[in-house]
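**Q** Residue numbers (our numbering), protein chains in the order written: chain A, 2 to 329; chain B, 683 to 802.
A virtual CB, placed ideally from N, CA and C, is assigned to each residue, including glycine.
As the structure is a computational prediction, the values presented were derived from the model and not from experiment.
Below are the C-alpha cells for one structure; questions will follow.
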Amino acid sequence: MILSYELRLMVLCAAVFLLVNLAAGILARWTAPRMARWAEGMPAARAARLLFALRLAPTGLAGLVVAGFCVPAYLWLEPSVAVAERAGWPVLLLATAGAALWLDSGWRAARAWVCARRWVAACRRSGQWVALAGAGEEVLVTPDAAPVLALAGVWRPRIVVSSAMLRELSPGQLRAALAHEQAHRDSRENLKRLLLLGAPDVLPFLRQLAFVERAWSRYAEWCADDRAAAGSEERGATLALALVRVARLGAAPAFSPAGSSFLTPDHSLAERVDRLVAGPAPLVVEDSPRRWWTRLGLALAASGLLALALHPATQAAVHDFLELVLRA
Amino acid sequence: MQVVWARGECCVQEVLDRLGSPLAYTTVMTTLDRLYKKGLLTRRRADRAYVYSAALTRAEWEKQTASRLISGYLAGAAHSPELLVSSFVDALGQHDEQLLDELERKVRRKRRELERRGRE
C-alpha cells in the first residue's frame, strides 16, 4: 500500500510502539510475580510505587522509543518531498494492532473518566459542601441512604460522603475515614488510576497486567490506611472500627474505576483490619534521601537517553531500522 | 487428594504413612489408581513404584466441583436459579456477619489493651 509522508510516520509509530510495548510487557508480566513477592517485604507506600512503575514501564518505554528515537530520526532523515513509498503488509498489520491497543485502553480510560464526571455532577446537584474535621477542605455531603465515602474526580478530586455515613460513624471514626480519603487525595490516586486504565496492556483486548493493577490498588489502600493512622495505634484501631462499621452498612455503589472508595469490594477487609490492629502503622516519611537519589538517578538516565537519541549515528541507525520495518 | 496437595509428589507408602489410619497398602494403591484414571492425579514411574502428583491445584478442583454442582442443579427443570442465588446470598451474608463480628471483637480487644496501657 502506498502511503503519504505523514501517514507513513503514523504507521511506523504505531508499529514500533506495539513491538516495544509487547517485548517490555512480556518482560513485565514475567517479572511481576517476583516483584509482587519482593513488594510484600516493603512498606506499603514503596510497594505501591514499585508496582505502579512496573505497570507503566512497558508503555513508558514504548512511548520513549517512539517519541525520543523514531519520530526525530524520521523527521530529520526521511525526505519530506512527495515520494510515493510502499508499506508492506506486516507493518500495516502491526500498526493496526498498535492502534487497537490504544483504542482499547483509551476507551477504558475515557469511560471511567466520563463515569466519574457524571457521578460528581450528580453529587453536586443533590449534595452540599460541609467542612468536616479530618478532611483538608470542604467535603460534599449527599443525602444518600447508601454508605458512600469516596474520592471522586480526577483533576480536582473531592471527598464525597453520604448522610448515612455521617449518622453511623462516631466523630472519631469519621475523622479517621476522612483522613484515609484525604491520603488518597494527597497522593493523586484517582489520576494514577486513570493512568493505569489508559496505559495499554501487552496485547489489545487482553488484560495481562491487570493483576499488577490489583496489587497496586491493594498497597495504595494500605498506604492510605497508614497515613490516616499516622503512626498511632489508637487512630489505627479507630480506623479499623470505622471499616467494620461501614462494611456492616452493606455495599456502596460503584461509581467509576477512576475513583477511590473507603471500602472496596476487591480488597480483603479482614486483611486491612488485621494490619491496622497488628501494631503501630509506620509513619510515612515523605522525602527520604532514597527518593532524592532515585530522582537524581532518573534525571541522569533521562539526560543520557536524550544525548543518545540526538546523536547522528543513533539517528541514522534508527532510520535504517524504520526503513526495514516499512518494507518488511 | 489432601495428602498429595500438601506434599506435591508422593508414592503409595507416603500417602499411607500420612493418613495414619489402619488401611491396607492395596486399598490406598487402588484409590490412587482410580484418582489417576479419573484425571485428578498424574503419575510417573520411579524405580518400581508410581509417584503421584495432583493434576489440578486445590483452587482449580474446588472451582470445577462448584461449577459441576451448580450445572447439575440447574439442569433439573423443576429447580429455579433464583432459589439457588438466594440460598447463596443467605449463606454469604451469614458468613459476612460472623466475619464482621470477629473483626469487631479483635478491634475492641485492641482498644481495651490500649486503654489499659494508657492507664498504667
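1. If we cut at 9 Å on Cβ distances, does Arg-790 (chain B) have a partner in chain A?
2. Would you mind telling me which residues of chain B sit closer than 7 Å to Ala-248 (chain A), beta carbon to beta carbon, in chain order?
3. Of all the residues that make up the segment 223-237 of chain A, which are near chain B by a beta-carbon distance shorter than 9 Å?
4. Whole angstroms is fine: what's the gap from Leu-179 (chain A)'s alpha carbon to His-320 (chain A)'s?
5. Is Ala-49 (chain A) closer than 9 Å to Trp-217 (chain A) when the C-beta atoms are compared?
6. Going by Cα to Cα distance, which pick from A:Pro-80, A:Ala-101 and A:Ser-188 is closest to Val-203 (chain A)?
7. Applying the criterion that 16 or more other CB atoms from any shown protein chain within 10 Å of the CB defines a buried residue, is Leu-242 (chain A) buried or exposed?
8. Beta-carbon separation of Ala-248 (chain A) and Asp-778 (chain B) under 9 Å?
9. Of all the options A:Pro-172, A:Ala-271 and A:Leu-195, which has the alpha carbon lying nearest to the alpha carbon of Arg-236 (chain A)?
10. Leaving out the 5 sequence neighbours to the left and right, which residues in its chain are closer than 8 Å to Gly-137 (chain A) when beta-carbon positions are compared?
11. Flag Glu-324 (chain A) as yes when its Cβ comes closer than 8 Å to any non-hydrogen atom of the ligand HEM, and as no otherwise.
12. Any beta carbon of chain A sitting closer than 9 Å to that of Glu-786 (chain B)?
13. Identify the contact partners of Ala-241 (chain A) in chain B, using a Cβ-Cβ distance below 7 Å as the criterion.
14. Between the alpha carbons of Ala-33 (chain A) and Val-213 (chain A), how many angstroms are there, rounded?
15. Hey, is Cys-67 (chain A)'s beta-carbon within less than 9 Å of any beta-carbon in chain B?
16. Any idea which residues DSSP pairs Val-142 (chain A) with across the strands?
17. Let me make sure I understand the geometry here. Which of A:Val-155, A:Gly-89 and A:Leu-297 has the alpha-carbon closest to that of Pro-258 (chain A)?
18. So if I threshold CB-CB distances at 8 Å, which residues from the segment 200-222 of chain A count as touching chain B?
19. Would you call Gly-387 (chain A) buried or exposed, if buried means 16 or more other Cβ atoms sit within 10 Å of its Cβ?
20. So that I know if they touch, is there some Cβ in chain B lying closer than 9 Å to that of Leu-277 (chain A)?
21. How big is the Cα-Cα spacing for Leu-4 (chain A) and Tyr-75 (chain A)?
22. For Val-733 (chain B), name the three-state secondary structure that DSSP assigns.
23. Output the boundary residues of the beta strand (DSSP E) element that contains Arg-726 (chain B).
24. Determine the direct distance from the alpha carbon of Ala-134 (chain A) to that of Arg-801 (chain B), and round the result to whole angstroms.
25. Spell out whether any CB of chain A is found under 9 Å from the CB atom of Arg-798 (chain B).
26. Please list the partners that Arg-793 (chain B) has in chain A, where partner means a Cβ-to-Cβ separation under 7 Å.
27. List, in chain order, every chain B residue whose beta-carbon is nearer than 8 Å to that of Val-274 (chain A).
**A** To lay it out plainly:
1. yes
2. Leu-782
3. Glu-234, Glu-235 and Gly-237
4. 54 Å
5. yes
6. A:Ala-101
7. buried
8. yes
9. A:Pro-172
10. Gln-183, Arg-186 and Asp-187
11. The ligand content of the structure shown is nil, which means the ligand HEM is not present either.
12. yes
13. Val-789
14. 7 Å
15. Note that residue 67 (chain A) is Val in the sequence shown, not Cys. Cβ-Cβ to chain B under 9 Å: no for Val-67 (chain A).
16. A:Gln-129 and A:Val-162
17. A:Val-155
18. none
19. Since the first residue of chain A shown is 2 and the last is 329, residue 387 (chain A) is not available in this structure.
20. yes
21. 15 Å
22. strand
23. 723-728
24. 27 Å
25. no
26. Ala-238
27. Leu-785, Lys-788 and Val-789
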